[in-house]
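Okay, structure first, notes after.
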Amino acid sequence: MNSRKAQKTIATTAASESDWGALYEAHGPDLLAFLRRATGDLSLAEDLLHDSFARAIGSSTGAPDPARPWLFRIAANVAISHHRRRRLFAFVSLSADQAGSLDAYDTEAEHVRAALRSIPRDQAVTLTLALHEGFTRREIAEMLQTNEETIKSRLARGRQNFAAAYRRIDRGLAG
Amino acid sequence: MKSHPRELIELAREPDGLSATERAQVTEHLRSCPTCGAYAEELERNDALLSLREPRVAPPPMRRPSRFGIGWMPLATATLVAVVVVTALGIAREAATNPALSQASPSLAASATPSSSALGSPTPAATSSASPSPDPTPVATPGGSGLGTLRGNWLFVGKFVPSETLPQAQVEIWGLPLESGTPKLVFAYTVGTAGIPEATFDNTPYLRRQFSPDGTKLVLSIRGQLTIVDLASGQSRLLGVTGKFPSWSKDGSQIAFLAEKPVQPSQVALSVVSAVGGTPRELGIVGVPSRSAEWSPDGSLLLASSQNGTAVIEVASGRVLRQFAAVAGGGASYVQWRATQPQLALAGYGCDRGNVTLVALDDAQAPARTLFDGGAGCDRADVRDPRWNPANPTEVLFVTTQMTPGTMPFGYRLRILDAATGQSSDVGVNAYEATWTWDGASVAYLAKAPAVTAYGSAVILRSRAGSTERELLRASGDDSFFSIASVAY
Numbered sequence: 001m002n003s004r005k006a007q008k009t010i011a012t013t014a015a016s017e018s019d020w021g022a023l024y025e026a027h028g029p030d031l032l033a034f035l036r037r038a039t040g041d042l043s044l045a046e047d048l049l050h051d052s053f054a055r056a057i058g059s060s061t062g063a064p065d066p067a068r069p070w071l072f073r074i075a076a077n078v079a080i081s082h083h084r085r086r087r088l089f090a091f092v093s094l095s096a097d098q099a100g101s102l103d104a105y106d107t108e109a110e111h112v113r114a115a116l117r118s119i120p121r122d123q124a125v126t127l128t129l130a131l132h133e134g135f136t137r138r139e140i141a142e143m144l145q146t147n148e149e150t151i152k153s154r155l156a157r158g159r160q161n162f163a164a165a166y167r168r169i170d171r172g173l174a175g
Numbered sequence: 176m177k178s179h180p181r182e183l184i185e186l187a188r189e190p191d192g193l194s195a196t197e198r199a200q201v202t203e204h205l206r207s208c209p210t211c212g213a214y215a216e217e218l219e220r221n222d223a224l225l226s227l228r229e230p231r232v233a234p235p236p237m238r239r240p241s242r243f244g245i246g247w248m249p250l251a252t253a254t255l256v257a258v259v260v261v262t263a264l265g266i267a268r269e270a271a272t273n274p275a276l277s278q279a280s281p282s283l284a285a286s287a288t289p290s291s292s293a294l295g296s297p298t299p300a301a302t303s304s305a306s307p308s309p310d311p312t313p314v315a316t317p318g319g320s321g322l323g324t325l326r327g328n329w330l331f332v333g334k335f336v337p338s339e340t341l342p343q344a345q346v347e348i349w350g351l352p353l354e355s356g357t358p359k360l361v362f363a364y365t366v367g368t369a370g371i372p373e374a375t376f377d378n379t380p381y382l383r384r385q386f387s388p389d390g391t392k393l394v395l396s397i398r399g400q401l402t403i404v405d406l407a408s409g410q411s412r413l414l415g416v417t418g419k420f421p422s423w424s425k426d427g428s429q430i431a432f433l434a435e436k437p438v439q440p441s442q443v444a445l446s447v448v449s450a451v452g453g454t455p456r457e458l459g460i461v462g463v464p465s466r467s468a469e470w471s472p473d474g475s476l477l478l479a480s481s482q483n484g485t486a487v488i489e490v491a492s493g494r495v496l497r498q499f500a501a502v503a504g505g506g507a508s509y510v511q512w513r514a515t516q517p518q519l520a521l522a523g524y525g526c527d528r529g530n531v532t533l534v535a536l537d538d539a540q541a542p543a544r545t546l547f548d549g550g551a552g553c554d555r556a557d558v559r560d561p562r563w564n565p566a567n568p569t570e571v572l573f574v575t576t577q578m579t580p581g582t583m584p585f586g587y588r589l590r591i592l593d594a595a596t597g598q599s600s601d602v603g604v605n606a607y608e609a610t611w612t613w614d615g616a617s618v619a620y621l622a623k624a625p626a627v628t629a630y631g632s633a634v635i636l637r638s639r640a641g642s643t644e645r646e647l648l649r650a651s652g653d654d655s656f657f658s659i660a661s662v663a664y
């Protein structure tokens, strides 16, 4: 075992249950809000949050300090890869968020979620990371393992698609 | 630019999305293309919507692998279990809402249910998180945690914290207790400072008009959305209305605001909406997009500024009852309307509209009586932000600034005037904006240091007689204070 691998092993084993619990407590609400916005579905977001932490706990490096960008990186990729798997089913389920009566903000928020659900997931995730979470293009590019130009283009296309989707939904033509 | 540059307009939303040449082309095109202008505004509104925080929901308890009795699982096992369970849960949920799948895979849907309870037992937090909140949805605050119990006399100031690299700034609302305690950050949010040239930014709110009558809440326009901030908790909720420059009626029931007309960017509508939300009602076009309206004490009238003067508008009908020729001066802070006579102190100006004056009116229909004459023409003293002394019905506080064409306003002298005698005196300090404390014994002002920033650099409390003065809060670097209000609980 070389020294680098040994360090990784120590980092992993040093991450105790209480450490992960603390990280979950500290970042879980923000990650859940991000996943809910990016997927448009609270129940799915909860599942993906657990999926993200399962991956984090199983990582060979342990949590870096600060952990927030790293956790968002995992969650963003979990959200995108989940969507790729999910497309095989070729239908969209109703979310719990859509049930029941909604007040004015809920309606608007649900329209935003519905519009994000209807655009390509990589664009929805990128828009959410940039506008909801405030990450820079460079940070997003690092998270999604691509370059800034791709992110710039994804944001532009995402804005275009979101505008069209939101217009349709807000006027009652969809959603 | 011959074609409509939709892609460039999308890229223009990014701070460095375009080259300087491209940005200039887009700006020029937007001036002559209403369709593209409307699209640019739509993208701006959408960015605001996408920036609104999701309501903070407690995540369900962490699913602990130790429930399986084998301690922390290896990566492969944990991932396999997570994938199987998540997939099973997904299929089960989809089966419940999709009859076709439910019929195709009944056994899979049924077998997935026990697995979900094996991983983590449902908890009240998880159950409640999926239910719509009965309360209007809170929006997480970027900073600040509220003031807790509200008692005594407080000052509230708005602080402007510009970004060094981006065309944006942070607006911070600070509470300053006057009896004891230290200043506290109540709430903070990000505002734009540049971008689309035609855009109007409500990024330095005039706080006095934006408090609820009991002083426990504040209405702000955040990313173009009317937002109610609870001062005790620092939590906010959206009213569900797009608008800028809001003002809260003095009976607490309504909020007046301005909204740009989507297809007529140069026109601005004055509207009202219930303070608990609902469908807004448009009262009419006011023409000036940057000044909030002042409510009459009984909530039946609004005084709004327009390019052709200042209008008294009946809220029930939208009818203009009276029009003053003088254009409102002093930015957002041109008038105060109280119940005691004289009710109105109104500042007006105009290079080609006669003298700059501060006038008093006993009521909205009464003749105007000049209290202070700032002179005529473009080289004159401007008058801004009149505020009646709550403990002395004839005293009014205001600021004069020297206006010289081609230069920034300067001077910013704080004055107190007695409406009964017409006598006015220079307080002897430079102030961007000022207010009385609720006992009328002191004046709090935003000290205006020359050539530092456009606004105030410190919050100062000064006794009415000028015998004592103490600094309550100071801005650092390029930060500055832009508005001040006094609230008694």
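Chains as they are written, first to last, in my numbering: chain A, 1 to 175; chain B, 176 to 664.
Just so you know, even glycine gets a beta-carbon here, dropped at the ideal spot from N, CA and C.
* **Closest Cα partner of E189 (chain B) within the set B:D222, B:I397 and B:S638** => Nearest of B:D222, B:I397 and B:S638 to E189 (chain B), Cα basis: B:D222.
* Is DSSP giving D222 (chain B) helix, strand or coil here? -> Here D222 (chain B) sits in helix by DSSP.
* Is the Cβ of S471 (chain B) closer than 9 Å to any Cβ of chain A? -> No - not a single Cβ of chain A is within 9 Å of the one on S471 (chain B).
* To do: Could you tell me whether the Cβ of T128 (chain A) comes closer than 9 Å to any Cβ of chain B?
  => Cβ-Cβ to chain B under 9 Å: yes for T128 (chain A).
* Asked: Cα separation between L413 (chain B) and V112 (chain A)?
  -> Take the alpha-carbon of L413 (chain B) and the one of V112 (chain A): they are about 14 Å apart.
* Count the other C-beta atoms from every protein chain shown that fall within 10 angstroms of the C-beta of G523 (chain B), then say buried if there are 16 or more, exposed otherwise. => Buried, since its Cβ has 16 or more Cβ neighbours within 10 Å.
* Within this structure, are the beta carbons of W613 (chain B) and A566 (chain B) separated by less than 9 Å? -> Yes. Within cutoff.
* Confirm, please, whether the CB-CB distance from A115 (chain A) to A76 (chain A) is below 9 Å. => No. Outside cutoff.
* Asked: Can you tell me whether G452 (chain B) is buried or exposed, with buried defined as 16 or more other CB within 10 angstroms of its CB?
  -> When all chains shown are included, G452 (chain B) counts as buried.
* chain B residues whose Cβ lies nearer than 9 Å to that of Q160 (chain A) -> Going along chain B in sequence order, the residues near Q160 (chain A) (Cβ under 9 Å) are R181, E182, E185 and L218.
* If you run the structure through DSSP and keep just helix, strand and coil, what is R562 (chain B)? -> Reduced to three states, the DSSP call for R562 (chain B) is strand.
* Asked: Listing by chain order, which chain A residues have their CB less than 7 Å from the CB of A233 (chain B)?
  -> Under the 7 Å cutoff, chain A gives P29.
* To do: With 9 Å as the threshold, decide whether the Cβ of R228 (chain B) is near any Cβ in chain A.
  => Chain A, which has a Cβ nearer than 9 Å to the Cβ of R228 (chain B), makes this yes.
* Asked: Going straight from the alpha carbon of E197 (chain B) to that of V366 (chain B), what length do you get?
  -> Approximately 24 Å between the Cα atoms of the pair.
* Where A215 (chain B) falls: helix, strand or coil (DSSP) -> The answer is helix: DSSP assigns A215 (chain B) an H, G or I state.
* Asked: Does the separation of the CB atoms of R121 (chain A) and E229 (chain B) fall below 9 Å?
  -> Not closer than 9 Å, so no.
* Which residues mark the beginning and the end of the alpha helix (DSSP H) in which S52 (chain A) is found? -> From DSSP, the alpha helix (DSSP H) with S52 (chain A) extends over L42 to G58.
* If you compare alpha carbons, which of B:I635, B:F657 and B:S651 is closest to A629 (chain B)? -> Of B:I635, B:F657 and B:S651, the residue nearest in Cα terms is B:F657.
* To do: Could you give the DSSP three-state label for F135 (chain A): helix, strand or coil?
  => F135 (chain A): coil per DSSP, three-state reduction.
* Could you list the residues in the region 124–153 of chain A with a C-beta less than 9 Å from some C-beta on chain B, going in chain order? => Residues passing the 9 Å Cβ filter: L127, T128, A130, L131, H132, G134, R137, K152 and S153.
* Unbroken alpha helix (DSSP H) run spanning Q123 (chain A), endpoints -> Where Q123 (chain A) is concerned, the enclosing alpha helix (DSSP H) stretches over R121 to L127.
* To do: May I have the straight-line CA-CA distance separating Y214 (chain B) from G28 (chain A), to the nearest angstrom?
  => One Cα belongs to Y214 (chain B), the other to G28 (chain A), and the distance between them is close to 36 Å.
* Report the option in B:E182, B:L322 and B:Y381 whose CA atom is closest to the CA atom of K334 (chain B). => Minimum Cα-Cα distance from K334 (chain B) among the listed residues B:E182, B:L322 and B:Y381 corresponds to B:Y381.
* In the DSSP assignment, what are the bridge partners of Q343 (chain B)? -> The bridge partners DSSP lists for Q343 (chain B) are B:G367.
* Cβ distance (whole Å) where L221 (chain A) is taken to contact S52 (chain A) below 8 Å -> There is simply no residue 221 (chain A) to check, as chain A begins at 1 and stops at 175 in what is shown.
* Could you tell me the boundaries of the beta strand (DSSP E) in which R198 (chain B) lies? => Element bounds for R198 (chain B): not the beta strand (DSSP E) but the alpha helix (DSSP H), A195 to S207.
* **Same chain only: Cβ atoms within 7 Å of T515 (chain B), ignoring 5 sequence neighbours per side** => Excluding sequence neighbours, T515 (chain B) sits near P568.
* **Closest Cα partner of G603 (chain B) within the set B:E570, B:A616, B:S642 and B:G597** => For the residues B:E570, B:A616, B:S642 and B:G597, the minimum Cα distance to G603 (chain B) belongs to B:S642.
* Contacting positions in the region 376–391 of chain B - beta carbon closer than 7 Å to chain A -> Using a CB distance below 7 Å, no part of the region 376–391 of chain B faces chain A.
* Asked: CA-CA distance, G615 (chain B) and V404 (chain B)?
  -> A straight-line Cα-Cα distance of about 27 Å links G615 (chain B) and V404 (chain B).
* To do: Could you check the C-alpha separation between G356 (chain B) and T210 (chain B) for me, to the nearest Å?
  => CA-to-CA, the gap between G356 (chain B) and T210 (chain B) works out to about 53 Å.
* Assuming L536 (chain B) contacts P517 (chain B) under a Cβ cut-off of 8 Å, what Cβ separation, rounded to an integer in Å, is found between them? -> That pair is a contact at about 6 Å.
* With which residues is R167 (chain A) paired in a DSSP beta bridge? -> None; R167 (chain A) has no bridge partner.
* Do V490 (chain B) and V448 (chain B) have their CB atoms nearer than 9 Å? -> No.
* Asked: Looking at the C-beta of L155 (chain A), does it have a partner C-beta in chain B at a distance below 9 Å?
  -> At least one chain B Cβ lies under 9 Å of L155 (chain A).
* Quick one: measure Cβ to Cβ for R645 (chain B) and L636 (chain B), integer angstroms, because I've assumed they're closer than 8 Å. => Contact check for R645 (chain B) and L636 (chain B): beta-carbon distance about 5 Å, within the 8 Å limit, so the pair qualifies.
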